[in-house]
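Protein sequences appear in the order of chains A and B.
Read in order, the letters of the first sequence are residues 3 to 248 in the numbering used here.
Read in order, the letters of the second sequence are residues 458 to 889 in the numbering used here.
One structure is given here, and the rest of the page talks about it.
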Amino acid sequence: MIYYIYDGSFEGLLTAIYEAFYHDVKPDMILKRSDYQENLFAERVEIVTERNKSDRVYNAVREKISSRSLRKIYYAFLSEIKGVETRIYHYLQLGFKIGRKIDGHLTDDTVLELNRISNKVGLERHRLLGLIRFRRLDNDIYYAPIEPDYNIIALLAPHFSKRLADQNWVIHDLKRKVAAVYNREEWVLTGFSGQPGSYAEDEAIYQSLWKDFFKNIAITNRKNSRLQLQFMPVRYWKHLIEKETT
Amino acid sequence: MELREKLKILSGAAKYDASCSSSGSNRKNTPGGIGNGASSGICHSWSDDGRCISLLKILFTNYCIYDCAYCINRVSNDLPRASFTPEEVIKLTINFYRRNYIEGLFLSSAVIKSPDYTMELLLKTVRKLREEYKFNGYIHLKAIPGADFSLIARAGRYADRMSVNIELPSKKSLSLLAPQKKMESILTPMKEIGLNIKENREERKKSKNLPRFVPAGQSTQLIIGASPETDYHILKLCEALYQRFNLKRVYYSAYIPVSNNPSLPQLRRPPLLREHRLYQADWLLRFYGFAADELLDRANPNFNPKLDPKANWALNHLHLFPLEVNRADYEMLLRVPGIGIKSARRIVSARRTGSIDFDDLEKFGTVLKRARYFITCKGKYYGGIPFREELIKERLVEGKTGLHRQQLSLFDDNSISDIDGFLSETVGGKEG
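Now the structure itself:
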């Protein structure tokens, strides 16, 4: 078995894919360094991330396949699902062969599986665009803790940088210990495992107003918890103001 | 009164409006402003009744001069009353928005003092929200029937969506249950808003900088089960509204008993299944190329509670089936029970690269539970039973939905009025 080992970044993965196309020794698996376990039969190829190589793959996917495919592989990459890198590699092998027609190959297992994974990531992104809750801190920063299944923080930040452009905010992925920090001009991604400061004076007021609204807007004769759960799975409740137990 | 108390009263009073959509507007944020539109719409929460919450849905006031029997806010109803100030509505909207609780504001109102007075309050609120507070999030605003249209037209420059609720689907029911309202005063602003939207779209093609007028379109709501109209009557009305007034959405709201008025039915439960069937049929009109007359007629004026409208149609047209998925037109694929727009598109796309097997359909996510009885793949039928109406029907009938069934036969089938006549009579002309 030949393992390509990369640093875990998207650029690293694209570099690995570059090497896979130009190298004689093709990978059976592409793995993050942190996912790799020593293995007697493994032949390791260490991939050194190189921006010019990853850029070339990036541009080639966009031009020779489609920007939709580029987004798909990026979303799939963010799923962090074991083995997804190898799936992306196989998907691109097919993509470079048949070009933009790849989206029509709905009965091909490689395409299907990649669609399925990237759709799951896309769904969680869309869900969290609505389910994120900011809390106003006393230093006037709006702070939102999240614990998404997938590593979608970089897909959320651009949305809020346009929408909440005139306020300072932080989206904090507690699971991955990273934060998107926005200062009214630009957002950056940074490692972060600290705690937020204390709430602003008016925070408790708006939280209770929101909880009141949430309760009052439901029509009791139509109660339907199953439907509610289907759209708003329990795993997201932890950081939802309206679902916090009081 | 404290803001908290007002919010309780005025959100509770707004909950019977079914509309929750925040889609259709891609309004951009402005320098130093707050908010933008998301064309696809974003749901921010789901309340205990399973309905999506995307907007801060409130009434400006629940003080009302009208006495509509079906409405909880009628003047004769003894309940706590409150009014917001424009500043309070703005404060709530902005602070909820900054915390990402909501996608925007849905501002409706009971009629306080007069329609003009009420509409002016709504206009003042949204103007201030947009111009002084630079709020660019979604705004759904009610147009108050009977208000001077110049007020409504001005409000439409700030709103993303506007709506006028018809509520009762016939003149007769309206005069019985809402004697102070006139169908004309409801339909006229709808027609005018529709014309203004159309005009604005045309003009914006020429000059892009022109401000938008109600870019996310207009909607309305009908109450289901408070009055005796049949499904056929309601569906014909909606079809006319879509075609003639260029409506974006019609919402259906199962009547929830709020009064003991003898003109109203005493329902044990809201007729949710009937509401559901009407939504299904509404979708068939808007996205599946069906006409109301294909789904129901005078002889069968109500939907079968046990069969969805498309399955019902397909069973009545079995001579068109089974359909070969490798050859059928997209339009016909859409008519197969269980096949939606996504599946139909996938089938058309996938068969360009090779012919499709039954397994392939399953693979790319076609729901075959119902579809299997109406299709063939490469000539082979996978229904597993002989292709006979009664056998297929048996498989398609939905489980124990009897709960709501009694409500469907509550009223006798009253005569179908001529919907086109009804509309042109009330607003005049057919050019709408």
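Glycine included, every Cβ here is placed at the ideal spot set by N, Cα and C.
Please state whether the Cβ-Cβ distance between residue 180 of chain A and residue 194 of chain A is less than 9 Å. For the purposes of this step, residue 180 of chain A is taken as the residue at position 178 of the first sequence. For the purposes of this step, residue 194 of chain A is taken as the residue at position 192 of the first sequence. In terms of Cβ geometry, residue 180 of chain A and residue 194 of chain A form a close pair [threshold 9 Å].
Name the chain B residues whose beta carbon is nearer than 7 Å to that of residue 88 of chain A? If you number the first sequence from 1, residue 88 of chain A lands on position 86. Per Cβ cutoff of 7 Å: no residues; residue 88 of chain A is ~20 Å from chain B at best.
Could you tell me if residue 664 of chain B is buried or exposed, where buried requires 16 or more neighbouring beta carbons within 10 angstroms of its beta carbon? Here residue 664 of chain B is taken as the residue at index 207 of the second sequence, counted from 1. The residue is exposed, with fewer than 16 neighbouring Cβ atoms inside 10 Å.
Counting contacts by CB-CB distance shorter than 9 Å, is residue 496 of chain B in contact with chain A? Counting from one through the second sequence, the residue named residue 496 of chain B turns up at place 39. Chain A, which has no Cβ nearer than 9 Å to the Cβ of residue 496 of chain B, makes this no.
Under three-state DSSP, which class holds residue 834 of chain B? As a first step, residue 834 of chain B must be located in the second sequence, where it is residue number 377. Residue state for residue 834 of chain B is assigned as strand, using DSSP reduced to three classes.
How long is the line joining the alpha carbons of residue 119 of chain A and residue 71 of chain A, rounded to whole angstroms? Against the first sequence, residue 119 of chain A aligns to sequence position 117. Against the first sequence, residue 71 of chain A aligns to sequence position 69. Straight-line measurement puts the Cα of residue 71 of chain A at about 13 Å from the Cα of residue 119 of chain A.
Do the CB positions of residue 153 of chain A and residue 175 of chain A come within less than 9 Å of each other? The residue given as residue 153 of chain A occupies position 151 in the first sequence. The residue given as residue 175 of chain A occupies position 173 in the first sequence. In this structure, residue 175 of chain A lies closer than 9 Å to residue 153 of chain A by Cβ.
Minimum Cβ-Cβ distance from residue 119 of chain A to chain B less than 9 Å: For the purposes of this step, residue 119 of chain A is taken as residue 117 along the first sequence, with counting starting at 1. No, no contact with chain B.
Work out the CA separation of residue 500 of chain B and residue 838 of chain B for me, nearest whole Å. In the second sequence, the residue the question calls residue 838 of chain B occupies position 381. In the second sequence, the residue the question calls residue 500 of chain B occupies position 43. Inter-residue distance for residue 838 of chain B and residue 500 of chain B is about 41 Å (C-alpha atoms, whole angstroms).
Whole angstroms is fine: what's the gap from residue 538 of chain B's alpha carbon to residue 619 of chain B's? On the second sequence, position 81 is the one that residue 538 of chain B refers to. On the second sequence, position 162 is the one that residue 619 of chain B refers to. When only Cα atoms are considered, residue 538 of chain B and residue 619 of chain B end up about 25 Å apart.
Residue 106 of chain A (DSSP reduced to helix, strand or coil): Reading the first sequence from its first residue, position 104 is the one you call residue 106 of chain A. DSSP places residue 106 of chain A in helix when its eight states are reduced to three.
Give, in chain order, every residue of the segment 164–196 of chain A whose Cβ lies closer than 8 Å to some Cβ of chain B. Answer in chain order: 164, 165, 166, 167, 168 and 169.
Based on the DSSP output, what are the partners of residue 561 of chain B in its beta bridges? Within the second sequence, the letter at position 104 stands for residue 561 of chain B. Looking at the DSSP assignment, residue 561 of chain B forms a beta bridge with B:512 and B:595.
Leaving out five residues on either side along the sequence, give the residues of the same chain with a beta carbon under 7 Å from the beta carbon of residue 101 of chain A. Translated into the one-based positions of the first sequence, residue 101 of chain A becomes position 99. So the qualifying residues of the chain are 66 and 67.
Name the one or two DSSP bridge partners that residue 677 of chain B has. In the second sequence, the residue the question calls residue 677 of chain B occupies position 220. BP columns for residue 677 of chain B point to B:707.
Please report the straight-line C-alpha distance between residue 591 of chain B and residue 504 of chain B, rounded to a whole angstrom. Taking the second sequence and counting its residues from 1, one reaches residue 591 of chain B at position 134. Taking the second sequence and counting its residues from 1, one reaches residue 504 of chain B at position 47. Rounded to whole angstroms, residue 591 of chain B to residue 504 of chain B spans 29 Å at the Cα level.
Rounding to the nearest angstrom, what Cα-Cα distance links residue 234 of chain A and residue 242 of chain A in this structure? In the first sequence, the residue the question calls residue 234 of chain A occupies position 232. In the first sequence, the residue the question calls residue 242 of chain A occupies position 240. Using only the alpha carbons, I get a separation of about 10 Å.
Examine the Cβ distances between the segment 727–745 of chain B and the segment 543–551 of chain B and report whether three or more of them are shorter than 8 Å. With a cut-off of 8 Å, the segment 543–551 of chain B and the segment 727–745 of chain B do not count as touching, because too few Cβ pairs lie within range.
Excluding five sequence neighbours on each side, which residues of the same chain lie with their C-beta closer than 7 Å to the C-beta of residue 863 of chain B? Position 406 of the second sequence, counting from 1, holds the residue named residue 863 of chain B. Annotation note: pLDDT 35 at residue 863 of chain B (below 50); position unreliable, coordinate value reported separately. Around residue 863 of chain B: no qualifying Cβ.
Can the beta-carbon of residue 803 of chain B be found less than 9 Å from the beta-carbon of residue 747 of chain B? Taking the second sequence and counting its residues from 1, one reaches residue 803 of chain B at position 346. Taking the second sequence and counting its residues from 1, one reaches residue 747 of chain B at position 290. A distance of 9 Å or more separates the beta carbons of residue 803 of chain B and residue 747 of chain B.
How many angstroms separate the CA atom of residue 228 of chain A from the CA atom of residue 855 of chain B? Numbered from its first residue, the first sequence carries residue 228 of chain A at position 226. Numbered from its first residue, the second sequence carries residue 855 of chain B at position 398. Roughly 18 Å separates the two Cα atoms.
Are any of the Cβ atoms in chain B nearer than 9 Å to that of residue 106 of chain A? Indexing the first sequence from 1 puts residue 106 of chain A at position 104. Residue-level contact by beta carbon holds for residue 106 of chain A and chain B, with a gap shorter than 9 Å.
I need the straight-line Cα distance from residue 528 of chain B to residue 632 of chain B, nearest angstrom please. Locating residue 528 of chain B in the second sequence gives position 71, counting from the first residue. Locating residue 632 of chain B in the second sequence gives position 175, counting from the first residue. Using only the alpha carbons, I get a separation of about 14 Å.
Near-chain A residues of the segment 800–813 of chain B (beta-carbon distance less than 8 Å), N- to C-terminal order: Within the segment 800–813 of chain B, the residues whose Cβ lies closer than 8 Å to some Cβ of chain A are 803, 806, 807, 809, 810, 811 and 813, listed in chain order.
Output needed in chain order: residues of the segment 57–74 of chain A with a Cβ under 9 Å from some Cβ in chain B. The residues in question: there are none.
My output table needs one value for residue 502 of chain B: the three-state DSSP class, helix, strand or coil. Here residue 502 of chain B is taken as the residue at index 45 of the second sequence, counted from 1. Strand.
Per-residue burial, residue 730 of chain B [other beta carbons within 10 Å of its own, 16 or more giving buried]: One-based indexing of the second sequence puts residue 730 of chain B at position 273. Per the 10 Å Cβ criterion, buried.
Do residue 490 of chain B and residue 593 of chain B have their beta-carbon atoms positioned less than 9 Å apart in this structure? Counting from 1 along the second sequence, the entry for residue 593 of chain B is found at position 136. Counting from 1 along the second sequence, the entry for residue 490 of chain B is found at position 33. Yes, the Cβ-Cβ distance between residue 593 of chain B and residue 490 of chain B is below 9 Å.
Candidates B:607, B:613 and B:621: which alpha carbon is nearest residue 566 of chain B's? Taking the second sequence and counting its residues from 1, the one referred to as residue 566 of chain B is at position 109. The candidate whose alpha carbon is nearest that of residue 566 of chain B is B:621.
Go ahead and label residue 700 of chain B buried or exposed: buried means 16 or more other beta carbons lie within 10 angstroms of its beta carbon, across all protein chains shown. The sequence position of residue 700 of chain B within the second sequence is 243, counting from 1. With fewer than 16 Cβ atoms within 10 Å of its Cβ, residue 700 of chain B is classed as exposed.
Confirm, please, whether the CB-CB distance from residue 22 of chain A to residue 7 of chain A is below 9 Å. Translated into the one-based positions of the first sequence, residue 7 of chain A becomes position 5. Translated into the one-based positions of the first sequence, residue 22 of chain A becomes position 20. Going by C-beta atoms, residue 7 of chain A is not nearer than 9 Å to residue 22 of chain A.
Could you check whether residue 711 of chain B and residue 634 of chain B sit closer than 9 Å to each other, using their CB atoms as the reference points? For the purposes of this step, residue 634 of chain B is identified with residue 177 of the second sequence, where counting begins at 1. For the purposes of this step, residue 711 of chain B is identified with residue 254 of the second sequence, where counting begins at 1. No, the Cβ-Cβ distance between residue 634 of chain B and residue 711 of chain B is not below 9 Å.
Give a yes or no on whether the minimum CB-CB distance between residue 35 of chain A and chain B is below 9 Å. One-based indexing of the first sequence puts residue 35 of chain A at position 33. So, not an interface residue.
Keeping to the same chain, check which residues put their C-beta closer than 7 Å to that of residue 69 of chain A; ignore five residues upstream and five downstream. By one-based count along the first sequence, residue 69 of chain A stands at place 67. There are no such residues.
Taking Cβ to Cβ, would you say residue 266 of chain A is nearer than 9 Å to residue 89 of chain A? Since the first residue shown for chain A is 3 and the last is 248, residue 266 of chain A is missing from the structure and cannot be characterised.
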